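*Asks:* Under this note's numbering, the letters of the sequence shown match residues 1170 to 1307, in that order.
Sharing a structure below in structure tokens format, with a few things to ask.
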Amino acid sequence: MVLEDLIRLIGLRLQMFGYTVTEEDKSTIEYQAEKAAQYVCNYCNFKKCPDDIPGALKFVTVDYAIGEFLEHKKTFAPNALSMLNLDMAVKQIQEGDTNIAFAVGEGSKTGEQRLDIFINYLKSYGKTELMRHRRIKW
């Protein structure tokens, strides 16, 4: 995996969440991309980082980097995350005659709690995939 591809995918994924990447964010994204790649390499015992990261772990690495990025933003620039829409959650899905209901405004979780849950999901996503690619270190 090439670091430039990882950075590009991080930008695309952030756009999916409604976050617009600014020039100020680029250095933080680069740092978080390298940090995420190093985390995956250390966890899986890959020798050459990020070159040894297989394509199957590409999106796990991207989501981990985004979780780290959002946590950084939450700590140092929380107002920048106001554009994220964490209110929409699927409440009910029915297959026959297609019925989807969204839990908008329901629940007792604050915006910050929902953001914390989302960040934790991104940082913990793919643990089973990481375990599948883990190598024994001699």
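Backbone N, C-alpha and C define an ideal beta-carbon position, used for all residues, glycine too.
For clarity, every value in this text was computed on a predicted model and none was experimentally measured.
Assign M1170 to one of two classes, buried (16 or more other C-beta atoms within 10 Å of its C-beta) or exposed (fewer than that).
*Replies:* Buried: at least 16 other Cβ atoms inside 10 Å.
*Asks:* Please name the residue, chosen from L1250, I1179, Y1233, that lies closest to N1289 on a Cα-to-Cα basis.
*Replies:* Nearest option by C-alpha distance: Y1233.
*Asks:* Less than 8 Å separating the beta-carbons of A1202 and L1181?
*Replies:* Cβ distance not < 8 Å, so A1202 and L1181 don't count as in contact.
*Asks:* Would you kindly work out how many angstroms separate the C-alpha atoms of L1250 and F1228, rounded to a whole number?
*Replies:* Each residue's Cα considered, the two are about 22 Å apart.
*Asks:* As a quick exercise: from E1173, Y1200, M1252, N1254, pick the residue whose alpha carbon is nearest that of D1220.
*Replies:* Per the Cα distances, E1173.
*Asks:* Closest to Y1208 by CA distance: which of K1292, I1305, K1306 is it?
*Replies:* Among K1292, I1305, K1306, the Cα nearest to that of Y1208 is on K1292.
*Asks:* Within this structure, are the beta carbons of L1183 and I1235 separated by less than 8 Å?
*Replies:* The answer is yes: Cβ separation under 8 Å.
*Asks:* By a C-beta neighbour count over all protein chains shown, 10 Å radius and 16 as the cutoff for buried, is T1230 buried or exposed?
*Replies:* Result: buried.
*Asks:* Pull up the distance between the alpha-carbon of Y1188 and that of L1226, whole angstroms please.
*Replies:* Each residue's alpha carbon lies about 23 Å from the other.
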